[in-house]
Amino acid sequence: MCSRIILRRMIQYNILSRKYNSTLSNDNFVRIFEVGPRDGLQNEKIQVPTSIKIEFINRLSQTGLKYIEVTSFVSPKWVPQMSDHVEVLAGIDRIPGICYSALTPNVQGINKVVSLGKKGVDEVAIFSAASETFSKKNINCSIETSLQRFNDVVKIAREKDLPVRGYVSCVVGCPYEGKIKPSQVVPIIKKLLDMGCYEISLGDTIGVGTPKSIYDLLKEIQSNDIPSNKLAIHCHDTYGQAIANITQALDMGIRCIDSSVAGLGGCPYAKGATGNVATEDVIYLLDGLGYETGVDLNRLIDAGQFITEALKRENGSKVARALLCKQQGETKTTVKSNQT
Amino acid sequence: MLFRIIQNCFTFTIRRSSNFVRIFEVGPRDGLQNEKIQVPTSIKIEFINRLSQTGLKYIEVTSFVSPKWIPQMSDHVEVLAGIDRIPGICYSALTPNVQGINKVVSLGKKGVDEVAIFSAASETFSKKNINCSIETSLQRFNDVVKIAHEKNLSVRGSISCTVGCPYEGKIKPSQVVPLVEKLLDMGCYEVALADTIGVGTPKSIYELVKEIQSNGIPSNKLAIHCHDTYG
Chain A
11 MCSRIILRRM IQYNILSRKY NSTLSNDNFV RIFEVGPRDG LQNEKIQVPT
61 SIKIEFINRL SQTGLKYIEV TSFVSPKWVP QMSDHVEVLA GIDRIPGICY
111 SALTPNVQGI NKVVSLGKKG VDEVAIFSAA SETFSKKNIN CSIETSLQRF
161 NDVVKIAREK DLPVRGYVSC VVGCPYEGKI KPSQVVPIIK KLLDMGCYEI
211 SLGDTIGVGT PKSIYDLLKE IQSNDIPSNK LAIHCHDTYG QAIANITQAL
261 DMGIRCIDSS VAGLGGCPYA KGATGNVATE DVIYLLDGLG YETGVDLNRL
311 IDAGQFITEA LKRENGSKVA RALLCKQQGE TKTTVKSNQT
Chain B
171 MLFRIIQNCF TFTIRRSSNF VRIFEVGPRD GLQNEKIQVP TSIKIEFINR
221 LSQTGLKYIE VTSFVSPKWI PQMSDHVEVL AGIDRIPGIC YSALTPNVQG
271 INKVVSLGKK GVDEVAIFSA ASETFSKKNI NCSIETSLQR FNDVVKIAHE
321 KNLSVRGSIS CTVGCPYEGK IKPSQVVPLV EKLLDMGCYE VALADTIGVG
371 TPKSIYELVK EIQSNGIPSN KLAIHCHDTY G
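Those protein sequence lines, which keep their order, are chains A and B. Under our numbering, read the first sequence as residues 11 to 350, first letter to last. Under our numbering, read the second sequence as residues 171 to 401, first letter to last.
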């Protein structure tokens, strides 16, 4: 009798979850979570003036992007690039329908956001790591302690009706511990979701993943009943694998992708290497695969060019470079060049 | 029909059970040809020798085209004379016409282990790139293949613009399939499908390869040559 009930419930669950997942897979809208102003600028060599940041964010607001991570409430002692968080938030245009977010890793941070009222943000973010060593080196405490801190942050955020997004760093590899098993990631996701995060962004922080490691990770997460609509993917392109990894994640039902316009933000663990995947490259991929994003690629390229000129660096987006070269009339195919 | 089913099953089994991937290194030819700076012959030779130490088994080293058009490849004879020949490595060169293949043949042991010919899926690209129509190019290649086979030289075919063309835009898979078939029928052991301007995405690659496979062409006759222009 008991086994019949169990069997019936298993069948019901499988039907429901397949239906749910197939609904997700049929859903061809992909949300882009633009992290250029925060994750991008935080990892650039040159610090840009507040006025440039504001102009940059305002340009992003004109592209169709609906989620823009604008700054971080951390101590200027640790992240000086984000010390102007109040001024940036005070200065940006607030376009209705766009969610402006900020990192708030501790109670001081969330309290400061709350104190800003309407000049604050629409949502906040907290970030843990799948690697104990990374957690200690990055935010100076164990994973367990960080989760306790975040719990306090979430309580305050929820009192103020501020949604909270969770991040997990090093979901496939860690610069200190090496390969990370999916089984190390799942408990952290569960804790962050139980705490009240509406979504968890899975970060391949050092870009070492390949489609296989992304597959293994997502399979493990999904077999622990965590639905894809609670997840986002944050791939770094340090080893050139981001687009392939994102494609794998899309195939498995992920419909939110973090990216950084112009590929802003290098890798602090591989000096000189690239970091964030470029939003333009992601939009090109999604467009080619038939997904809708609501983002205007040309306006995005414009915003990316603006900030890369301010940073005096090369545009990290291959799509932006290719299209800008095309516009300037340069072509890679010359007459009688015997091109393959 | 039954044969095709069996063939497809066989191919499927081979494909799925084979986890070895051959890399066809084109740096010394396709790479250097498209760099702004021209490197001295001695640097090319050192470069190819270093590649020979990596485990790569297929290295495209140069091209037998007129120096008038491709000055970067004008030292083809010197490069081939200077490189170390590691047993087990196939050193190849482009030979787009009869003059090219005849020159290779005349070099004897200082020549190459295999040659390559290249067509395009776009008529406009063919005319702009090699100054003749696709049909004319295939006739030329047929002559090249005949000579190559007389001398026991394998021939690899390449098709440019298999998903997009800088002049014609989107290329349909149905434009590519006949070319693949003609090159294989002519005697190419493999055909490299090139996304010459890098505009493809996984969807366009899927559609292309699916169309080719549904025409009974097995995967072990194909290679993929993707450009990363759009990441």
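Think of the CB as a built atom: it goes at the ideal place given N, C-alpha and C, for glycine as much as any other residue. In this text the structure is predicted, and so the values were computed from the model without any measurement.
Where residue i falls, given that 16 or more other Cβ within 10 Å makes a residue buried
i	result
A/C335	exposed
B/P237	exposed
A/D162	exposed
B/K163	This structure cannot settle anything about residue 163 of chain B, because the visible part of chain B is limited to 171 through 401.
B/I329	buried
A/S32	Residue confidence is low: A/S32 scores 39 on pLDDT, short of 50, so the model does not pin down where it sits. No coordinate-derived value is stated.
B/E305	exposed
A/Q158	exposed
A/P47	buried
A/F39	exposed
A/T303	buried
B/T371	buried
B/K380	exposed
B/P257	exposed
A/T155	exposed
A/T344	With a pLDDT of only 44 at A/T344, under 50, the local geometry of the prediction cannot be trusted, and the value read off the model is given with reservation. It is exposed - the Cβ of A/T344 has fewer than 16 other Cβ atoms within 10 Å.
B/F295	buried
B/E118	This structure cannot settle anything about residue 118 of chain B, because the visible part of chain B is limited to 171 through 401.
A/K63	buried
Residue i - partner residues in DSSP beta bridges
i	result
B/Y261	B/I229
A/E44	A/I78 and A/S269
A/A259	The partner list for A/A259 (beta bridge, DSSP) is empty, contrary to what the question assumes.
A/H246	A/N286
A/Y177	A/F137 and A/S211
B/D365	B/C396
B/E284	B/S262 and B/S324
A/A112	A/T81 and A/V134
B/C335	B/G339
B/S330	B/A290
A/L241	A/I210
A/C151	Answer by DSSP bridge pairing: none, since A/C151 is not bridged.
A/C184	A/G188
Chain E contact for residue i (CB, 8 Å cutoff)
i	result
B/P237	The structure shown contains no chain E; its protein chains are A and B.
Contact under 8 Å by Cβ, residue i with residue j
i	j	result
B/L349	B/K391	no
B/I317	B/P266	no
A/G206	A/R168	yes
B/Q170	B/S244	Given that chain B is displayed from residue 171 to residue 401, the structure contains no residue 170 of chain B and the question cannot be resolved.
A/G50	A/G213	no
A/G217	A/H246	yes
B/E377	B/L323	no
B/L130	B/T332	Because chain B in this structure spans residues 171 to 401, residue 130 of chain B falls outside the shown range and cannot be described.
A/T114	A/A100	no
A/G119	A/F83	yes
A/P278	A/D226	no
A/I67	A/V305	no
A/A252	A/V195	no
B/V361	B/G386	no
B/E195	B/E230	yes
A/A288	A/S269	yes
A/S327	A/D297	no
CB-CB length for residue i against residue j, believed under 8 Å
i	j	result
B/V346	B/A291	5 Å
A/R309	A/T73	4 Å
A/Y294	A/V329	5 Å
B/T224	B/G252	Contact flag wrong, Cβ pair sits at about 19 Å.
B/F367	B/P343	For the sequence presented, residue 367 of chain B should be read as Ile rather than Phe. Their Cβ separation, rounded to whole angstroms, is 17 Å, which puts B/I367 and B/P343 out of contact at 8 Å.
A/E142	A/I153	6 Å
A/V182	A/I210	About 15 Å; that fails the 8 Å criterion.
Any non-hydrogen atom of the ligand GTP closer than 7 Å to residue i Cβ
i	result
B/S389	The ligand content of the structure shown is nil, which means the ligand GTP is not present either.
Interface positions of the stretch 385-399 of chain B facing chain A (Cβ-Cβ less than 8 Å), listed along the chain: H395, D398 and T399
Within 9 Å of chain A by C-beta, residues of the stretch 361-387 of chain B in sequence order: A362, A364, T366, I367, G368, V369, G370, T371, P372, K373 and S374
Residues, ordered as in the chain, of the stretch 324-347 of chain B that lie near chain A by beta-carbon distance below 7 Å: Listed by position, the residues of the stretch 324-347 of chain B near chain A (Cβ gap below 7 Å) are S328, S330 and P336.
Residues, ordered as in the chain, of the stretch 237-256 of chain A that lie near chain B by beta-carbon distance below 7 Å: Listed by position along the chain: I253.
Residues within the stretch 207-233 of chain A neighbouring chain B, beta-carbon criterion of under 9 Å: none
Interfacial residues, the stretch 327-340 of chain A to chain B, with Cβ spacing under 8 Å: S327, K328, V329 and A332
The stretch 268-292 of chain B: positions lying closer than 8 Å to chain A by Cβ: F288
Under 8 Å (Cβ pairs) to chain A, residues found in the stretch 196-226 of chain B: V196, D200, Q203 and N204
Contacting positions in the stretch 261-272 of chain A - beta carbon closer than 7 Å to chain B: Within the stretch 261-272 of chain A, no residue places its CB atom closer than 7 Å to a CB of chain B.
Interfacial residues, the stretch 300-326 of chain A to chain B, with Cβ spacing under 7 Å: G300
The stretch 108-131 of chain A: positions lying closer than 9 Å to chain B by Cβ: none
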